[in-house]
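Here's the structure we're looking at; comments come further down.
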Amino acid sequence: MRLLPNLAVCLGLFALLAVGCNNAMIFNPAFINQGSGEFFPLAPAERTDFILVRGNNSTTVPLEFLITVERIVDSGNDDGTTEIAKESYRIFTPSDARANDMGILVDCPVYRIGLGENLDRPQTEPGVFVNATAAGVGGLGVPANVNPLNIEAGNFTCGDTIVFQAIEANSTVGGVRVSSFVLDADDLATEIVGIDTFANARSFLEEQAVDD
4 MRLLPNLAVC LGLFALLAVG CNNAMIFNPA FINQGSGEFF PLAPAERTDF ILVRGNNSTT
64 VPLEFLITVE RIVDSGNDDG TTEIAKESYR IFTPSDARAN DMGILVDCPV YRIGLGENLD
124 RPQTEPGVFV NATAAGVGGL GVPANVNPLN IEAGNFTCGD TIVFQAIEAN STVGGVRVSS
184 FVLDADDLAT EIVGIDTFAN ARSFLEEQAV DD
């Protein structure tokens, strides 16, 4: 069985949409329960081998989040050394409360997750684009001023949900301030009453890998 590497998966509340899925698909959890996650899960859980990364736009203008994921991989040299591999995804979030929370699923293992293409420069690297019109289109790029989350520092584990939330702040460049927080899968319900969307996503990928 071969799983497609570095695949971000699109999920719907009641179904998986196979049509059009590619390397950076969008997940919309706008209708997911915001309590314990007992009916629909709020975090993937370690058994799915996913991390969910969400961009939450709590402003009155459209925003694009530039999410970067780093992994430690084999360098390919005979000396057994490793190197950092990087993947960047753009998530467009309108200000409409019905669609202002979007995200991607990324495969474990992951080393660091943050905003901007260069995670070592959160104070200068554009991580959020204000007044964007679509993913990768328009907008004023401003630094997120949020340090990347590091799995080795214990900031998150496989199965968690990471949320980057933008709120309005007149005193900042671009008029937005970004913060990050983690939904720990271990603190949420383990028995899912409704559809386990993340487990379905993993099953979908495995089925696609077998077909290939």
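So the sequence shown is residues 4 to 215, counted in my numbering.
Glycine residues also receive a C-beta, built at the ideal position from the N, C-alpha and C atoms.
| Query | Result |
| --- | --- |
| Closest residue to G142 among D77, G130, N153 (Cα-Cα distance) | G130 |
| Alpha-carbon to alpha-carbon, E86 and I29 | Low confidence applies to I29: its pLDDT is 45, below 50, so where it sits in the model is not reliable enough to give any reading. |
| Buried versus exposed, by CB contacts within 10 Å (16 or more), F184 | exposed |
| Under the three-state DSSP convention, the category S2 falls into | Here the chain covers residues 4 to 215 and nothing more, so residue 2 does not appear. |
| Nonlocal neighbours in the same chain, by C-beta distance under 7 angstroms from S78, ignoring five residues either side | T84, T85, E86 |
| Y114 versus I154 - alpha carbon distance | 6 angstroms |
| Local Cβ density within 10 Å of R74, reported as buried at 16 or more and exposed below that | buried |
| Nearest to G178 (by Cα), restricted to the options V133, E209, D52 | V133 |
| Chain-order list of residues whose beta-carbon lies under 6 angstroms from that of G139 (same chain, five-residue window excluded) | R93 |
| Buried or exposed by the 16-neighbour rule on C-beta atoms within 10 Å, applied to T200 | buried |
| P125 beta carbon less than 8 angstroms from that of V109 | no |
| Buried versus exposed, by CB contacts within 10 Å (16 or more), A204 | buried |
| Distance, S61 Cα to V213 Cα | 40 angstroms |
| Top-ranked residue by Cα proximity to G106, from N158, G144, V72 | V72 |
| Residues sharing a beta bridge with F95, DSSP | E67 |
| Bounding residues of the beta strand (DSSP E) (the contiguous stretch that carries S61) | Premise fails: S61 is in no beta strand (DSSP E) and is neither H nor E. |
| Extent of the continuous beta strand (DSSP E) run through V216 | Missing from the structure shown is residue 216; the chain here goes from 4 to 215 and no further. |
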